[in-house]
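Protein sequences, first through last, are from chains A and B.
Counting from 1, one number per residue, gives the positions in the first sequence under the working numbering.
Counting from 1, one number per residue, gives the positions in the second sequence under the working numbering.
By construction, the Cβ of each residue, glycine as well, lies at the ideal position given by its N, Cα and C atoms.
One structure below.
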Amino acid sequence: MPKTLAEKVYDAHVVRSADGEPDLLYIDLHLVHEGTSAQAFDGLRAAGRTVRRPDLTMATEDHNVPTTDLLAPIADPVGRAQVEALRRNTAAFGIREAPLGDRDQGIVHVIGPQLGLTLPGMAIVCGDSHTSTHGAFGALAFGIGTSEVEHVLATQTLPQYRPKQMAVTVDGELPPGASAKDLILAVIARIGTAGGREHIIEYRGAAIEALSMEARMTVCNMSIEAGARAGMIAPDRTTFDYVKGRPHAPRGADWDAALAYWKTLRTDEGAVFDREVHIDASSVTPYVTWGTNPGQALPISATVPDPADLADESERRAAESALAYMGLTAGTPLRDIEVDTVFLGSCTNGRIEDLRVAAELLRGRRIDPDTRMLVVPGSVQVGLQAEAEGLDRVFIEAGAEWRGAGCSMCLAMNADRLAPGERAASTTNRNFRGRQGKGGRTHLVSPAVAAATALTGRLAAPAAPADLAGTPTPPGA
Amino acid sequence: MEAFTTHTGTAAPLRHSDVDTDQIIPAEYLKRITRTGFEDGLFVDWRRSDPDFVLNQPRYATASILVAGPDFGIGSSREHAVWALLDGGFRVVVSARFGDIFRTNCTKAGLLAVVLPQREVEALWEATEADPTLPVTVDLTEREVRYGDRALPFQMEDYTRWRLLNGLDDIGLTERHRADIDAYEARRSAWLPTALPVGPR
Ligand code: SF4
């Protein structure tokens, strides 16, 4: 029987299946962070259990860690207690942990690929919904809750029901100025925040194949925002080139064996998807969100929609309440919306390519004086790489703040947050109410739109040259 | 996990769609390392900012069944959302559609997530708005929601239902299959990585 990519990887991890029961899946890599693990370790202890495979478990601190004063003790006592709990738990159970200050510390979904721990064909879980990021390598990767974290710690397996299969085929070529972020926002605007529910989405087609690994991660990252369990992209040359030589990637004869297997990880001719969606890449332009869920997005050239135009009553009410929360009036051009803060970072867009794109647009310019911009690398390694390329200087000279690695303002568990009513253009993945700080208003954007917006103080895309005006840095400044 | 067989209580109508887990409990509360005591975080922003919010209304103060709009529990995987609902006195959430991870988390922690068609959700909204004291029964044995003269069937996988009826936790069940796990491990590819530190190679 022809199989999809997801079915191949799923089947390869079935430890046991029995009629009327969920399958038991083996987990190759379990990523752990401070935000969702403490109660799982407590559960293990209470039941007198151990961690079955500490060697297949990797922990780091990302969700609540500060991005300034990295070497001082964490000022927030509750956050500090949580990080200390992770350090204690990982030490007690023999799990490797990359603490604040370590060169491998960073957002879980950034460090896995960077270390070569994320490889094609693996089954990867983490107590975090954006585990879907790792699907960019052709891995089956999905987020789990704390009870499941405990289950994986104890047994290295997880009971699962076979998901449905969905294909999002993106044909054609992305136009210049449109990025992977715009593409995935366009996909979610099209299929809705529940469009992928109960499915694994395989992204395929010429436009996907043309993407770099980092861009593929951006796409797969936001699968959960389309309601999907996971997103996947078949591994290819781009994948293998990215993986080769990374610290944990196989070498020598192991590499050859792995590569031979990885090349089989493609959806077979004639395999059946439960649902198929086609998108024309050439129609994708920079997207921004106007509402309070990631499906409420439009091309930046559009205007704030009028809820009265929506036929469905519950959609209309949702749009009305979103506009009230966002402080927006129907009919306002999106480009007229002034922002207070620009956030560049997160597991969606906090990798080196994202920083390069933004830095290129900011080089030799000054951001709008009334706008603050935070640049938070996804990991220490990303930060070091950016510094080696001089990108930190570009950001600082443009007037942005250059910070330490972590989730930061993506979910505002640390001190980086919006004030009530403050408006942000953010390269993150969730524009939920209060996500970036109680009462904060979030517009999701790509790194290029973030940079262009920082220059003008209004939502802007670099495609329109006027948006790039900014104030040139005076010579010698 | 507490077993769930049948629960009778009153219901609170939450006329909102796309309620993400950030709304159910904001990230601020995720810093705690306990598993209980999250009731103060439940819908905290709505409770503080909107005096008319359904859970601020005294007539729904003792509700134990939450009837929500479609796509309840989307977004973050935080199981704290389930714990907060349980700590806040809820045993059942009804919606036409749930976020996948939220629904799984419910089955692990003993909160019953019941899927009913949106028109039945709306009928329940109207009934509980007309009479907040209306008793609603959620019967997992029969897979049925009953109120007034209505009896509405709902779906639940046999296995999950059996587990919930008996209050069984998954880890204990999986441990019975240790031999299968050992056998699987013995045939895993040798090139698969471990997370142990690697020195310069
Ligand atoms: S960067 Fe944001 S979305 Fe990604 S893991 Fe951190 S909090 Fe979650």
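query: Residues bridged to A/K164 by DSSP?
result: A/H199
- prompt: What span of residues does the beta strand (DSSP E) with B/M1 cover, start to end?
  reply: In this chain, B/M1 is not harboured by any beta strand (DSSP E), its DSSP state being neither H nor E.
Residues of the segment 92-103 of chain B whose Cβ lies closer than 9 Å to any Cβ of chain A, in chain order: R97, F98, G99, D100, I101, F102
message: Taking the straight line between their C-alpha atoms, what separation do you get for A/A464 and A/A81?
response: Interpretation of A/A464 is limited by its pLDDT of 47, a score under 50 that renders its predicted location unreliable; the figure taken from the coordinates is listed afterwards. In a straight line, the C-alpha of A/A464 is about 48 Å away from that of A/A81.
query: Is A/H63 near A/M413, with beta carbons less than 7 Å apart?
result: yes
Whole-angstrom distance between A/P299 and A/A461, CA atom to CA atom: 10 Å
Any C-beta of chain B under 7 Å from that of A/A12: no
Contact list for the segment 128-144 of chain A against chain B, Cβ threshold 7 Å: D128, S129, G143, I144
query: Can you list, in chain order, the residues of its chain whose CB lies under 7 Å from that of A/R266, leaving out five sequence neighbours each side?
result: L5, A234
task: Flag B/P153 as yes if its beta-carbon sits less than 7 Å from any beta-carbon of chain A, otherwise no.
output: no
- prompt: For the candidate residues A/P447, A/Q385, A/A226, whose alpha-carbon lies nearest to that of A/D104?
  reply: A/Q385
Residue environment, A/P2, which counts as buried when at least 16 other CB atoms sit within 10 Å: So A/P2 counts as exposed.
- prompt: By a C-beta neighbour count over all protein chains shown, 10 Å radius and 16 as the cutoff for buried, is A/D396 buried or exposed?
  reply: The question names Asp, but residue 396 of chain A in the sequence shown is Ile. That one is exposed.
field: Distance between A/T292 and B/P197 (C-alpha atoms, nearest Å)
entry: 41 Å
field: Contact set for B/G148: own chain, Cβ-Cβ below 6 Å, skip 5 residues either direction
entry: none
field: As assigned by DSSP and simplified to three states, the class of A/I367
entry: Here A/I367 carries a coil assignment [DSSP, helix/strand/coil].
task: State the Cα-Cα distance for the pair A/A91 and A/P99, rounded to the nearest angstrom.
output: 12 Å
query: Cβ of B/S64 less than 7 Å from any chain A Cβ?
result: no
message: the ligand SF4 and A/D128: does any heavy atom of the ligand fall closer than 6 Å to the residue's C-beta?
response: True, at least one ligand heavy atom lies under 6 Å from that Cβ.
query: In terms of DSSP beta bridges, what is A/E401 paired with?
result: A/E401 pairs with A/L374.
query: Going by the C-beta, is A/S346 closer than 6 Å to any heavy atom of the ligand SF4?
result: yes
message: Would you call the segment 258-275 of chain A in contact with the segment 410-426 of chain A, where contact means no fewer than 3 C-beta pairs closer than 8 Å?
response: no
Cβ contact (3+ pairs, closer than 8 Å) linking the segment 82-102 of chain B and the segment 137-150 of chain A: yes
task: Using the Cα positions of A/V481 and A/R458, report the straight-line distance between them to the nearest angstrom.
output: Outside the shown range of chain A (1 to 477) lies residue 481 of chain A, about which nothing can therefore be said.
message: In the DSSP assignment, the beta strand (DSSP E) including B/Y147 goes from what residue to what residue?
response: 144-147
- prompt: Along chain B, in chain order, which residues have C-beta atoms closer than 9 Å to that of A/A194?
  reply: Correct list: D18, P70, D71, I74, R97, G99.
- prompt: Under a three-way DSSP split, which group does A/G143 fall into?
  reply: strand
message: Alpha carbons only, please: which of B/G110, B/D52, B/V92 is nearest the one belonging to B/L168?
response: B/G110
- request: Can you give me the start and stop residues for the beta strand (DSSP E) that B/P153 sits inside?
  value: It spans 150-153 - the beta strand (DSSP E) in which B/P153 sits, taken as one unbroken run.
message: I'd like the list of long-range same chain contacts for B/M1, defined as Cβ closer than 6 Å, with 5 residues on each side in sequence excluded.
response: G110, G167, D169
Beta-carbon proximity list for A/V375, same chain, < 6 Å, skipping 5 on both sides: L344, F395, A400, W402
task: Keeping to the same chain, check which residues put their C-beta closer than 6 Å to that of B/G99; ignore five residues upstream and five downstream.
output: G73, I74
- prompt: Based on Cα-Cα distance, which residue from B/D45, B/R178, B/R161 lies nearest to B/T104?
  reply: Per the Cα distances, B/R161.
Every unbroken beta strand (DSSP E) inside the segment 51-89 of chain B [3 residues or more]: 65-68
message: For B/Y29, would you say it is in contact with chain A, using Cβ-to-Cβ distances shorter than 7 Å as the test?
response: no
- prompt: What residues match up with A/H30 in a beta bridge as DSSP calls it?
  reply: A/H30 pairs with A/T57, A/V125.
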